[in-house]
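The next block holds one structure in the form of structure tokens; read it before the comments.
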Amino acid sequence: MDFTIVVAAVFSLYVIIYLIDKFLKERNHTGTVLALLLIIPSVILLAVTATTSLVNASQGTILKEDQVVLQPVLPGVNLPQSHLTHYFATIFICTVFHELGHAIAAIKEQVPLIGVGLLVFFIIPAAFVELPSSVTSLPPWRKLKIYSAGIWHNIVLTAVALIILYFLPVFALPIFKTGGGISIYSFNEYTTGGSHDFQLGDILTRLDQCHISSTEDWNHCLSKAFQQSPLGFCSAQSFLSEFQPADNESLCCPEDESNLCFKTNGQNYYCLKARRVTEASSGRCDYQEDCPDNSSCLSLASNDSSRLVRIERINAEPVLYLGHYSQLKRSLSISNYVARIRFFSPGLMQFIQELLSYIASFSAGFAVLNVIPCVAMDGQHIVSAVIELLPGNPTSLTKQRLTRYSIYGGTGLVFINVIIGLYNLL
1 MDFTIVVAAV FSLYVIIYLI DKFLKERNHT GTVLALLLII PSVILLAVTA
51 TTSLVNASQG TILKEDQVVL QPVLPGVNLP QSHLTHYFAT IFICTVFHEL
101 GHAIAAIKEQ VPLIGVGLLV FFIIPAAFVE LPSSVTSLPP WRKLKIYSAG
151 IWHNIVLTAV ALIILYFLPV FALPIFKTGG GISIYSFNEY TTGGSHDFQL
201 GDILTRLDQC HISSTEDWNH CLSKAFQQSP LGFCSAQSFL SEFQPADNES
251 LCCPEDESNL CFKTNGQNYY CLKARRVTEA SSGRCDYQED CPDNSSCLSL
301 ASNDSSRLVR IERINAEPVL YLGHYSQLKR SLSISNYVAR IRFFSPGLMQ
351 FIQELLSYIA SFSAGFAVLN VIPCVAMDGQ HIVSAVIELL PGNPTSLTKQ
401 RLTRYSIYGG TGLVFINVII GLYNLL
């Protein structure tokens, strides 16, 4: 068995090395063609976004955030402070891969590199490659190989990040499992209140009558519970008969009581422990008709936006949460991954998952932005080389004007989309 594993590992390593070698040998032609094919869709995408935004602005409406192509990232606005590490790591990885593409392509085209290194722009880490001015005298196709290589690397990086992200639950199977609930791996401004409250490592499976198997389910269940009208609890008359009803809400519960004030549709008020109400309940209700005979629909007497929800956990009593949607959503850091071994935190997998999502998104953005013929972007040089390939004198006045107007148009397009993104944020 051990010999088989060693042979399989050696063979897999050989295949990976072979594919990487083949990729490095052939990627320039493939990458250049794909980068050129990306120009027109990217320009159309930004142009449609800009046009739609201007039309909507004239009508007094704005684009939704998910309709904006170029979305500026501002810490504290649309980037949580807890994701700053993801942000800096993503920018560094994306720029290193991008510049590495230029460097490898330049070396393959026998263009010497003046400088290669890392830099810090304000507090953002990045990479750079400095090419000699002689690169402009190369034939157009050779220039295209060099200028488009960074874009191609970003396309490949996006694809790799998405593939790993898709298969991440499979890779994590020996240590983590998914689909059986979500786990809590940290608290944000939340103080746990004993065994009846949330604990680190809790596996949440249900919120009221809504099943939870992923973070998407959790967000859906939260929205459903807090956006609809407050649900009550079907309570048997035999249970309510154990307590003395109050005449009105003000006389229901003393201020020093930890109990909650509930009311029936008949406007009887009861000061009860929430856990006893939920444990004795036969189900949730909106109206009296939702409950069986000899039962009453018991709901919170308070009319504010807070909700009482019951969140079920594996191997622990359910948690009763009374509060607001934003407080609950913000308080818990949750993950799709449930550790098979307690030594490993689901927070590790959550970090990897979020980092891969950032890399895929930012790297795709790098590719789209750099392919546009915009000042200070690769697209500026790419469009110049493409126009050189057109029939006629490379230095003709017509080609120079076409290059200049293309760059003006691309720069304006990027500028408008960035302004739209900022406007939607602020």
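What the sequence shown shows, in UniProt numbering, is residues 1 to 426, in sequence order.
Positions of the beta carbon are idealized from the N, C-alpha and C atoms, including for glycine.
Quick caveat: nothing in here was measured; it's all calculated off a predicted structure.
Selection A103, L37, P132 and F198 evaluated against A316 yields F198 as nearest (Cα-Cα). About 7 Å separates the beta carbon of H381 from that of K143, a gap short enough to meet the 8 Å contact definition. In its chain, beyond the 5 residues on either side, F233, C234 and S235 have a beta carbon closer than 7 Å to the beta carbon of S281.
Under the DSSP assignment, Y358 falls in the alpha helix (DSSP H) whose first and last residues are P346 to V371. In this model, T52 and V383 are separated by some 26 Å (Cα to Cα). In the structure shown, C94 falls within a helical segment according to DSSP collapsed to helix, strand and coil.
Under the DSSP definition of a beta bridge, E312 partners with R206.
Assignment of I334 by DSSP, reduced to helix, strand and coil, places it in the strand class.
The beta carbons of V73 and Y87 sit about 7 Å from each other, so the pair counts as a contact at 8 Å.
Annotated three-state conformation of H211 is strand, per DSSP. At a Cβ-Cβ threshold of 7 Å, T215 and I334 count as neighbours.
The shortest CA-to-CA distance from G283 to any of S299, Y337, N268 and K273 is the one to S299.
When only Cα atoms are considered, P245 and V309 end up about 23 Å apart. Taking 7 Å as the cut-off, the Cβ atoms of S363 and N219 do not count as close. In the three-state scheme derived from DSSP, where H, G and I count as helix and E and B as strand, A126 is classed as strand. Annotated as proximal: P169 and T178, with beta-carbon spacing under 7 Å. For the pair G266 and N248, the Cα-to-Cα distance works out to about 12 Å.
The C-beta of P346 has 16 or more other C-beta atoms within 10 Å across all chains shown, which makes the residue buried. When the alpha-carbon of S361 is set against those of M349, G201, I93 and L390, the nearest one is in I93. Within the DSSP secondary-structure output, G232 pairs in a beta bridge with C285. Residue Y321 holds the alpha-carbon nearest to the alpha-carbon of S331 among L260, F97, E279 and Y321. For F262, no alpha helix (DSSP H) encloses it; the enclosing beta strand (DSSP E) starts and ends at L260 to K263.
Put simply, of A161, R404, G410 and L328 the residue whose alpha carbon is nearest the alpha carbon of N370 is G410. Under the three-state reduction of DSSP output, P169 falls in the helix class. Assigned with DSSP and collapsed to three states, A376 falls in coil, not helix or strand.
Assignment of beta-bridge partners to L118 by DSSP yields A127.
Boundaries for I175: no alpha helix (DSSP H) harbours it, and the DSSP string shows neither H nor E there. Contact check for V129 against A103 passes: the beta carbons are separated by less than 7 Å.
For L397, the enclosing alpha helix (DSSP H) covers residues L397 to L425.
Between A301 and C271, the gap from beta carbon to beta carbon reaches 7 Å or more. Contact check for L46 against L413 passes: the beta carbons are separated by less than 7 Å. If you draw a straight line from the Cα of S42 to the Cα of A126, it comes to about 24 Å. F198 carries a coil assignment under DSSP once its states are collapsed to helix, strand and coil. Residue burial is scored here from C-beta neighbours: S58 has fewer than 16 other C-beta atoms within 10 angstroms and is therefore classed as exposed. Taken atom to atom, the span from the alpha-carbon of C221 to that of I419 is near 35 Å.
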